[in-house]
Every structure is written in structure tokens, then in C-alpha cells.
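Numbering (my numbering), first residue to last: 9 to 973.
C-beta atoms are modelled at their ideal positions from N, C-alpha and C, and glycine is treated no differently.
So, in C-alpha cells, the structure goes:
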């Protein structure tokens with residue numbers, strides 16, 4: 009009745025959709041959770057914790073993985089975990105088949121566990137009734153199987169499109185979740201209050217007696233396996249991913265479901281302790297029903313039975329539907345499409361046959377679970393069966409989680425990993441069921457799953473080691489083989505859709521190079537899923553493109569892929585690829601044959617916005633338009649470029665709430681709770697108030713959003729890139745903040761440089777003074793013996809009788825005179841540098857100086873046969889006549905020396921307010937590059953190998969003194 013009401017009132021119940029979705033996830037709590045965890049706690053108070061802690065950890069800390077799975081599944085039209093893994097690795101049909109087979113083998117024992125829980129409850133609650141009607145355990149179990157199969161067929165196979173949501177069934181599952189929670193809480197409260205007043209029962213004493221130190225290795229293994237099972241269990245994948253109508257519902261579920269688990273686990277230990285105290289010799293799995301019966305509360309026991317049946321039936325229904333979808337899509341449908349000529353059938357016959365196939369599969373699967381139920385009596389407890397099933401499906405974890413976050417993973421690694429992991433799981437299953445005999449030393453298979461000696465201190469059970477070893481080796485071989493092999497083109501394309509942002513459709517894939525027109529493609533898809541639905545899907549596709557093609561034009565590769573995803577909702581990804589490949593490449597069937605397979609079905613809405621799209625596409629700002637119901641109706645390409653939305657998020661009809669929430673979760677709305685940002689922005693829109701805000705976006709540093717209300721209803725949002733303005737503002741602030749710092753740094757640098765320069769100047773001045781004092785001392789000391797020597801030569805000249813002696817004495821006197829002149833020059837240098845040589849400028853006629861020099865050098869010119877002349881001048885100068893005379897003497901001396909038998913001219917020229925005294929000769933001359941060099945002290949230039957051109961040691965000091973005067 010609940011399921012029927014949910015189907016009939018689905019529109020009215022949509023307001024409670026997040027809560028129904030959250031409670032339907034509680035299908036996780038099966039008869040194992042209801043009965044088996046009490047049994048585990050009765051034996052070990054720590055053993056039941058992984059069943060509750062693991063899903064709480066997933067929904068609190070790893071919910072983004074679930075959100076990613078939901079978004080990918082919606083974009084790729086995925087409807088089962090086999091379809092998900094097969095689609096990720098190049099839409100591999102073989103891989104989907106392998107996942108389906110492992111799921112069937114792993115989940116059937118779990119369904120058998122639920123049958124076992126129901127039968128256990130019936131035997132406890134109504135043993136006399138069974139005997140009175142003559143029902144044996146065998147017959148009663150078949151009645152249970154028929155009842156479960158009938159409900160599942162009735163409400164689980166009403167649509168051929170697996171992506172359509174079973175709202176009635178989910179409503180029933182949510183209701184069952186409430187029933188089992190209320191029942192378990194009622195039993196727990198009843199037991200707690202009943203035993204608290206009894207003198208013979210002390211829960212505290214039982215807790216103390218049953219306490220044992222936890223085995224952390226076992227706890228870790230069980231928690232890890234259970235966490236991976238949350239992602240990989242087909243029923244959890246179906247409720248969390250496939251039945252999710254809006255991704256935002258997960259935000260409610262990640263809060264509600266952990267609270268639900270806490271309430272379910274609240275009274276596990278009190279019930280177990282009370283059962284150990286009152287029900288000695290009774291199986292701990294029966295405590296939930298046996299305790300109320302023992303305490304005389306038949307009504308509470310009946311409520312506990314109803315809760316246990318709800319827990320078991322919900323799991324059976326959802327798991328069977330998920331398995332039936334996988335088997336039909338990945339095993340049965342490929343066989344039908346490959347071996348049957350479908351041209352002779354119409355849509356109704358095909359659809360009816362597909363539904364019949366799924367209904368038969370549901371019956372067969374539940375019947376198979378019944379056979380497992382009969383065969384698993386060797387496994388003593390419900391929890392042992394539960395962990396075996398968990399370990400079987402956790403073999404999908406490396407391929408599933410690796411496929412979401414590791415682009416290099418490929419199907420080769422998945423094949424090898426799954427094969428090795430599943431073989432080790434089978435060995436563990438055989439050991440649990442007593443098939444393997446002997447011990448680790450005598451039986452090789454037992455030795456494989458036996459913990460190594462170096463881990464003996466952890467006290468890990470053989471079963472637990474086998475389960476974790478299967479998953480560990482699976483993951484290891486998945487990674488190693490994937491790294492050693494390369495994925496094909498199809499796998500690389502699919503990995504982009506699962507791991508990162510989907511890449512543009514590759515036109516080089518053979519399937520998408522088929523020459524098929526838009527009309528032919530629409531005809532093919534329309535005959536499978538209905539013309540109205542295809543037309544709506546194609547319209548939605550054109551609305552997202554820049555152009556619309558005519559029906560007779562060739563379909564682009566992106567449209568072919570879009571059609572394939574549409575068909576995947578009916579057949580699954582691998583079968584949809586098979587159908588489309590066969591149709592478009594002419595293998596097995598042709599377009600005209602394929603067109604007769606099925607008739608039209610379903611309907612969907614249509615949004616046409618070509619005129620608006622053309623108007624806003626050329627605007628520089630990003631533009632998005634929402635209607636009165638706050639749903640997206642139009643946008644331009646700039647809007648998509650600014651926010652870099654994931655593929656599939658921006659669609660016509662998408663609630664703007666989803667877009668705002670996505671931006672808030674990415675941190676684009678600023679710090680704080682994302683839900684608060686969503687609530688505040690939606691409130692602005694509902695009130696119709698225009699507003700402006702700024703935020704970060706992925707592709708630019710800063711953007712400004714302006715929201716204005718349209719006159720016809722709805723809102724237009726414009727997004728402008730204000731990065732340049734914000735950068736300029738930030739640069740100005742940085743300049744103001746750092747200006748004073750930079751000025752201080754420069755000031756310190758200049759002070760440091762000035763200090764170093766002052767120290768260098770002081771050292772230079774001290775060295776110059778020291779040199780001057782040295783020169784003065786040396787010159788003074790040398791002059792005394794030279795003066796004495798000159799006196800002696802003068803005396804010798806006077807007393808010498810012969811000419812030769814007089815000539816020698818004359819030469820000695822000349823040499824002494826030259827030495828005296830040299831020392832005099834050194835004295836001049838020392839005086840000048842010490843500041844003692846002072847010039848005495850005075851005005852005088854330059855002709856006076858020229859006449860004296862003409863008389864002095866005229867005699868020398870005659871002796872050296874040099875033609876020497878002076879140019880008269882009537883000008884006056886203001887200078888030191890003695891120093892100037894010596895400078896000119898040096899010039900004339902060098903001119904005479906290096907102009908043998910040449911001509912030398914001394915003259916004066918006027919240059920403005922200055923006077924130039926020039927000495928001209930026709931000697932060898934000085935190169936222009938070295939003319940400045942000869943004015944430096946202690947400098948001489950080589951001339952004709954043996955002669956050196958110089959102005960004299962004292963010339964520099966006298967020249968500088970004249971210039972300074």
C-alpha cells in the first residue's frame with residue numbers, strides 16, 4: 009500500500025524527497041544489523057562497531073566521493089555499478105559482465121542471510137502456528153520467497169528505462185526504515201526498563217564480565233571492508249546513485265543517515281548484555297525476539313519480528329532489482345541484440361519482452377538465494393555471511409575509486425585485479441563453509457589465506473586475513489598492470505569524463521565517424537525510447553550548441569554520443585554502444601530494420617530559446633537568465649567560460665539553486681557555510697530585489713555579479729570581469745604600505761655608502777700625506793750631498809790645468825745639475841700634495857715670458873741646428889710667471905729633443921676670455937689616443953725603440969699648480 013501510494017502521489021511527496029532519499033539509504037540496515045549485530049555484541053562488545061562506524065565515516069568524511077559518483081552517473085546515464093565500471097573503462101562489455109557475475113555470486117549469500125533472518129523470526133514468533141497448519145521449514149521458506157518476488161516484480165519493473173526513479177518502491181523502503189528503527193528502539197527501551205528493576209540481572213556486571221580488550225587489527229579490517237562496501241554494494245549504489253533525483257539531496261542524507269545509524273546502535277549492547285544474563289544457551293542472534301518473549305511481552309516480540317522482516321525485505325527487494333538490471337543489461341540484452349533479428353517485432357512486444365526478462369530474472373535470483381540459504385547452514389552466524397558478501401563486492405573498490413581519481417587506470421589492470429581478488433575470496437568462502445580440510449602446512453589453499461608468522465602478534469583470524477588479502481592484492485595488481493599497459497583511445501576518452509572535466513568528443517573514434525544524418529539518428533533512438541523523449545533530448549542538445557543542423561545533415565560525433573547516453577538508460581552503456589555500433593556501421597542490422605524494433609514511449613519538456621541565445625551570445629559579459637520558477641532558461645558562452653562549470657551541470661530547466669550551491673561549495677561565494685550563501689541568494693531572487701556582489705571565479709581573479717528582474721518575470725544575471733580594477737587597487741595599497749619601507753631601506757643604503765666613501769677618502773688622504781712626507785724627507789736628504797758634490801766640482805774646475813780634466817768636471821757638474829733638478833721636481837710634488845706649494849698669480853705681459861724663453865732656447869737651437877722662433881703678443885695674463893715658465897720650458901725641451909734639426913714655434917692664441925700658449929714642432933708627434941696620458945705623473949712613452957717621450961717628473965705638479973692658479 010505504501011509503494012502504491014508513493015507511485016500515485018509522487019508529485020505531492022516531492023517536498024519530502026530529501027528525507028525519503030535519506031531514509032531509503034537505510035536499506036543498508038538489514039537483518040544482520042537488526043539481529044546479527046546483537047549476536048556479535050553478545051560474544052564480543054567490540055565486534056558490532058564496524059557495521060555502524062564505517063558508514064558514518066563515509067558519510068561524514070568521504071561524502072564528496074559519493075557526490076562525484078552521482079554526478080558522473082547522471083551525466084553518463086548509468087544505472088548499475090557494473091554499468092559504472094564498464095563505462096569508465098572504455099564501455100567494456102566484458103568488464104561489465106565480470107562485475108555482474110561477481111555481484112551475483114557475492115550478493116546471493118547476502119540475500120540468503122535475509123531469508124535466514126526472516127525464517128529465524130518466524131520460528132521464534134509463531135512455532136505453534138506453523139505446526140498447526142502443517143508447514144515445514146522448507147515450505148515456509150518458499151512462501152517467503154514468493155512474497156518477496158511478487159512485491160519486487162510489482163514495483164521494481166514498471167519501466168524499461170532504468171534511470172527513471174521507482175518513487176513508490178523508494179517510499180516503501182523509507183517506510184520500512186522507519187519501522188525497523190522504531191521496532192529496535194522499542195525493544196531496546198523495553199529491555200532496559202524491564203531488567204533495570206530486577207535484582208537478579210545487572211547490566212553493569214554483565215558488561216564487566218563480557219568485556220574483552222579489542223583486537224585493533226580485526227577492527228581495522230572490518231571497518232575498512234565495510235567502508236568500501238558502502239561504495240560497492242549494488243543495493244547501496246542503486247539507492248544512493250541511481251535513485252538520486254537531485255544531487256543536493258545528498259546533503260540531507262549525509263546528516264540524517266549517520267543519526268539513523270547512531271539510533272540503531274544505541275541499544276545493541278544493553279540487549280546483548282540482558283540476553284547473556286537471562287537467555288543462557290540461546291543463540292545471541294535471537295536475542296531481539298527471544299528477550300521480549302522471555303519477559304512476557306509478546307506484542308514487543310511481534311514488533312521486533314516486524315522490524316526484522318522490514319530490514320530483510322527491503323534489502324532483498326533493492327538488491328534483487330539492482331542485480332536484475334545488471335544481468336539483463338550486461339548478460340541477456342547483448343545476447344538478444346547479437347543473435348536475434350529484431351525487425352519483425354514492434355515496440356510493445358520488445359518492451360514487454362524486456363520487462364518479462366527482468367521479472368524472470370528477479371524470480372530466478374531470489375530462488376538462487378533460497379538455494380544459498382539451504383546450503384549455508386555450515387556458516388554459524390549472520391555476521392559471518394555478511395562479511396563474506398561485503399568482501400566479495402569490495403573487490404570493485406580499486407576499479408571504482410581508482411577510476412574516479414586515477415586517469416591511468418585501465419581495463420587490463422581491472423581484469424587482473426578482479427580475477428586474483430575474487431579467487432582469493434572464493435578460497436576464503438570455501439574455508440568458511442568447511443570445504444577445505446587440513447591446515448596451512450598440508451593444504452596449499454589454506455596456506456594462501458593464513459596470516460604470516462610475523463603478524464601472529466596481531467591475532468588476525470584466517471577468514472579476516474583472506475578477505476583483506478583479496479582486496480589488497482586486487483588493488484596492487486590493478487595499479488601495477490595499469491602502469492605497465494596503456495589504455496586505448498576509448499578508455500582515455502571515458503577516463504576524462506570520470507576523472508576530470510570531460511574532454512571534447514573525439515572525432516577519430518570509429519563509431520563517431522559514421523555518416524548518419526540527424527533524422528536517421530533521431531529515428532533510431534526514437535524507436536527505442538520514444539519519439540517524444542528523443543525530440544526533447546535532441547532539443548536540449550541543440551540548446552547547448554552554437555548551431556542547429558538540418559535533419560538531412562550529417563550528425564556530429566557529440567550528438568551520436570549524446571544519443572548513446574540516452575540509450576544507455578534502457579540497455580546500459582555497453583549494450584547501448586553495441587546497438588548504436590550495429591546500426592550505424594551496418595553490422596548485424598540496418599537502420600530500416602532497427603526502426604521497427606520498438607514503438608514510441610515517454611515524454612519530456614522542450615525549451616526553445618534560439619532568439620534569446622543569439623541576442624546574448626555577443627555580449628562581453630557573462631549572461632544567465634532564470635524564469636519565474638528560478639530555473640535556468642538561457643546563458644551565453646562567456647558565462648560558461650567564466651565559471652568553468654562541470655559538464656552536465658548547466659542545462660535548460662536546471663534549478664538555479666543547484667548552480668549557486670555548486671559555486672558556494674567551490675568557495676566562489678566567499679567564506680562561510682555554503683548553505684547560508686544559497687539561502688541568502690535565493691531569498692534575494694524570491695523577493696525580486698536587484699543586487700550586486702563580487703566574488704572569485706575559476707578563470708579570472710575577480711568578477712562582479714549584477715542581478716536585475718525582468719519585466720516578464722524571472723531574472724537576468726550579468727557577470728563582469730573586474731580583475732584589472734582589483735589588481736590596480738591592490739597595487740596601490742601595496743605601494744602605500746611599502747613606500748615608507750622602501751624609503752627607509754634606500755636611506756640606510758645611502759648612509760652605508762657614504763660611510764664607506766668617507767673611510768676610503770680618509771685612507772687615501774692619509775696615504776697621500778705619508779707619501780708627501782716621504783718625498784720631502786728623501787729630497788731634503790739627497791740635496792745636501794749633491795750640493796757638496798757641486799762645490800767640489802766647481803773647485804775642481806778652477807784648479808784643473810788640462811782640458812780633459814776640465815771637460816770631465818764640466819760633465820759631472822751637468823749631471824749634478826740634472827739630479828738637482830729631478831730632486832727639485834720631487835720636492836714640488838710633495839709640496840703640492842701637502843698643500844705647501846702655493847702659486848702666486850699676478851698680471852704680467854706674456855711677451856716678457858716669451859722673450860726670456862726665446863733668449864734661453866735660441867742658444868740651444870743654434871747648437872742643435874733647430875730653427876726656433878716665437879710669435880710676439882701684446883696680451884696680459886694673470887698667473888704665476890715662474891711656474892708657467894717651467895711648464896713651457898718642459899714643452900720646449902721635449903720639442904727640441906724629439907725634433908732633431910727640425911723646426912719649433914712658440915706662440916699665443918686667444919680663445920674667448922682665455923689664452924692658449926702653444927708649442928708647435930715637426931717632430932715624431934704623439935698618437936691622439938696617448939696625448940692625455942703624457943700629462944700623468946711618472947709616465948713615459950717609447951719612441952723609436954730606445955727613446956722615451958716624457959715631460960719630466962715635476963711637470964705634473966707644476967702643470968696642476970698652474971691650472972689651479
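For residue 243, does the count of other Cβ atoms within 10 angstroms reach 16, so buried, or fall short, so exposed? By one-based count along the chain shown, residue 243 stands at place 235. Buried, by the Cβ-count rule.
Is residue 875 helix, strand or coil when you go by DSSP? For this step, residue 875 is matched to residue 867 along the chain shown. DSSP places residue 875 in strand when its eight states are reduced to three.
From the DSSP output, in three-state form, read off residue 376 for me. Working through the chain shown from its first residue, we reach residue 376 at position 368. Helix, per DSSP.
With DSSP collapsed to three states, give me the class of residue 55. Position 47 of the chain shown, counting from 1, holds the residue named residue 55. In this structure, residue 55 counts as coil in the three-state DSSP scheme.
With 8 Å set as the bound, which would you pick, yes or no: does the beta-carbon of residue 83 sit closer than that to a beta-carbon of chain B? Among the chains of the structure shown, chain B does not appear; only one protein chain is present.
Does DSSP put residue 511 in a helix, in a strand, or in coil? Position 503 of the chain shown, counted from the first residue, corresponds to residue 511. Residue placement at residue 511 cannot be trusted, given a pLDDT of 43 that sits under 50; what the coordinates show is reported in the next sentence. Residue 511: coil per DSSP, three-state reduction.
To the nearest angstrom, report how far apart residue 24 and residue 44 are at their CA atoms. As a first step, residue 24 must be located in the chain shown, where it is residue number 16. As a first step, residue 44 must be located in the chain shown, where it is residue number 36. If I take the Cα positions, the gap works out to 31 Å.
Which residues in the same chain as residue 714 place their Cβ atom closer than 6 Å to its Cβ, once the five residues preceding and following it in sequence are excluded? In the chain shown, counting from the first residue as 1, residue 714 sits at position 706. The residues are 700 and 726.
Can you give the Cα-Cα distance for residue 930 and residue 883, rounded to whole angstroms? The residue labelled residue 930 in the question sits at position 922 within the chain shown. The residue labelled residue 883 in the question sits at position 875 within the chain shown. For residue 930 and residue 883, the distance between alpha carbons rounds to 26 Å.
Helix, strand or coil at residue 922 [DSSP, three-state]: The sequence position of residue 922 within the chain shown is 914, counting from 1. The answer is strand: DSSP assigns residue 922 an E or B state.
Can you list, in chain order, the stretches of the alpha helix (DSSP H) that have 4 or more residues and sit fully within the segment 428-469? 452-456
With 16 other CB atoms within 10 Å as the buried threshold, where does residue 866 fall? Taking the chain shown and counting its residues from 1, one reaches residue 866 at position 858. That one is exposed.
Going by DSSP in three states, residue 525 sits in which element: helix, strand or coil? Position 517 of the chain shown, counted from the first residue, corresponds to residue 525. In the structure shown, residue 525 sits in a strand (DSSP, three-state: E or B).
So which of 415, 450, 564 and 426 has the shortest CA-CA distance to residue 494? Taking the chain shown and counting its residues from 1, one reaches residue 494 at position 486. Comparing Cα-Cα distances from residue 494 to each of 415, 450, 564 and 426, the minimum goes to 415.
If we ignore side chains and look at the alpha-carbon of each, how far apart do residue 885 and residue 901 end up? Walking along the chain shown from the start, residue 885 turns up at place 877. Walking along the chain shown from the start, residue 901 turns up at place 893. Distance between the alpha carbons of residue 885 and residue 901 is about 23 Å.
On the DSSP bridge list, what partners appear for residue 630? Sequence index remark: in the chain shown, residue 630 carries index 622 (1-based). In DSSP, residue 630 forms a bridge with 727.
On the criterion of 16 or more Cβ atoms from any shown chain inside 10 Å, does residue 825 qualify as buried, or is it exposed? The residue given as residue 825 occupies position 817 in the chain shown. Classification of residue 825: exposed, given that the 10 Å Cβ count is below 16.
Bridge-paired residues (DSSP) for residue 118: Translated into the one-based positions of the chain shown, residue 118 becomes position 110. Looking at the DSSP assignment, residue 118 forms no beta bridge with any residue, so it has no partner.
Assuming residue 395 contacts residue 272 (C-beta within less than 8 Å), just tell me the rounded distance between them. Counting from one through the chain shown, the residue named residue 395 turns up at place 387. Counting from one through the chain shown, the residue named residue 272 turns up at place 264. Not quite, the Cβ-Cβ distance comes to about 18 Å (not below 8 Å), so this is no contact.
Might you give, ordered along the chain, the residues of its own chain that have their beta carbon closer than 7 Å to the beta carbon of residue 447, omitting 5 neighbours on each side? If you number the chain shown from 1, residue 447 lands on position 439. Within the same chain, residue 447 has close Cβ partners 454.
Per the DSSP calculation, residue 759 is bridged to which residue(s)? If you number the chain shown from 1, residue 759 lands on position 751. Paired residue(s): none; residue 759 is not in a bridge.
Find out if the Cβ-Cβ distance for the pair residue 481, residue 432 is shorter than 8 Å. For this step, residue 481 is matched to residue 473 along the chain shown. For this step, residue 432 is matched to residue 424 along the chain shown. For residue 481 and residue 432, yes; Cβs fall inside 8 Å.
Member of 878, 796 and 673 whose CA lies at the smallest distance from the CA of residue 862: Taking the chain shown and counting its residues from 1, the one referred to as residue 862 is at position 854. Selected option, being the one with the closest Cα: 878.
Could you please give the first and the last residue of the uninterrupted alpha helix (DSSP H) stretch that includes residue 26? Residue 26 sits at position 18 when you count from the first residue of the chain shown. From DSSP, the alpha helix (DSSP H) with residue 26 extends over 25-32.
Classify residue 915 as helix, strand or coil using the three-state DSSP reduction. Position 907 of the chain shown, counting from 1, holds the residue named residue 915. Strand.
Hey, could you find the ends of the alpha helix (DSSP H) residue 895 is sitting in? Translated into the one-based positions of the chain shown, residue 895 becomes position 887. 889-905 is the span of the alpha helix (DSSP H), which, as asked, contains residue 895.
Can you name, in chain order, every residue of its own chain whose Cβ lies under 8 Å from the Cβ of residue 197, other than the five neighbours on each side? Sequence index remark: in the chain shown, residue 197 carries index 189 (1-based). Counting only Cβ-Cβ distances below 8 Å, and skipping sequence neighbours, we find 275.
Pop quiz: residue 269 and residue 60 are said to be a contact at Cβ under 8 Å. What is the actual Cβ separation, rounded to whole angstroms? The residue you call residue 269 lines up with position 261 of the chain shown. The residue you call residue 60 lines up with position 52 of the chain shown. Indeed they touch by this definition, with Cβ atoms about 5 Å apart.
Expected contact under 8 Å - CB spacing of residue 405 and residue 478 to nearest Å: Taking the first residue of the chain shown as 1, we reach residue 405 at position 397. Taking the first residue of the chain shown as 1, we reach residue 478 at position 470. Rounded, the Cβ-Cβ distance is 11 Å, inconsistent with contact.
Note down the Cα distance separating residue 238 from residue 300, rounded to an integer number of angstroms. Along the chain shown, read from residue 1 onward, the residue named residue 238 stands at position 230. Along the chain shown, read from residue 1 onward, the residue named residue 300 stands at position 292. Each residue's alpha carbon lies about 32 Å from the other.
Cβ of residue 245 within 8 Å of Cβ of residue 89? Working through the chain shown from its first residue, we reach residue 245 at position 237. Working through the chain shown from its first residue, we reach residue 89 at position 81. Cβ atoms of residue 245 and residue 89: closer than 8 Å.
Could you compute how far the alpha carbon of residue 177 sits from the alpha carbon of residue 26? In the chain shown, residue 177 corresponds to position 169, counting from 1. In the chain shown, residue 26 corresponds to position 18, counting from 1. For residue 177 and residue 26, the distance between alpha carbons rounds to 15 Å.
Using only the alpha-carbon positions, how far apart do residue 473 and residue 48 sit? Your numbering for residue 473 matches position 465 in the chain shown. Your numbering for residue 48 matches position 40 in the chain shown. Residue 473 and residue 48: Cα-Cα distance of roughly 19 Å.
Neighbour-count burial assignment, residue 37, 16 or more Cβ in a 10 Å radius: Against the chain shown, residue 37 aligns to sequence position 29. It is buried - the Cβ of residue 37 has at least 16 other Cβ atoms within 10 Å.
In terms of residue numbering, what span does the alpha helix (DSSP H) encompassing residue 79 cover? Your numbering for residue 79 matches position 71 in the chain shown. That run of the alpha helix (DSSP H) goes 71-84.
Could you work out which residue in 429, 334 and 556 is closest to residue 367 when comparing CA atoms only? Residue 367 sits at position 359 when you count from the first residue of the chain shown. The residue with the shortest Cα to Cα distance from residue 367 is 334.
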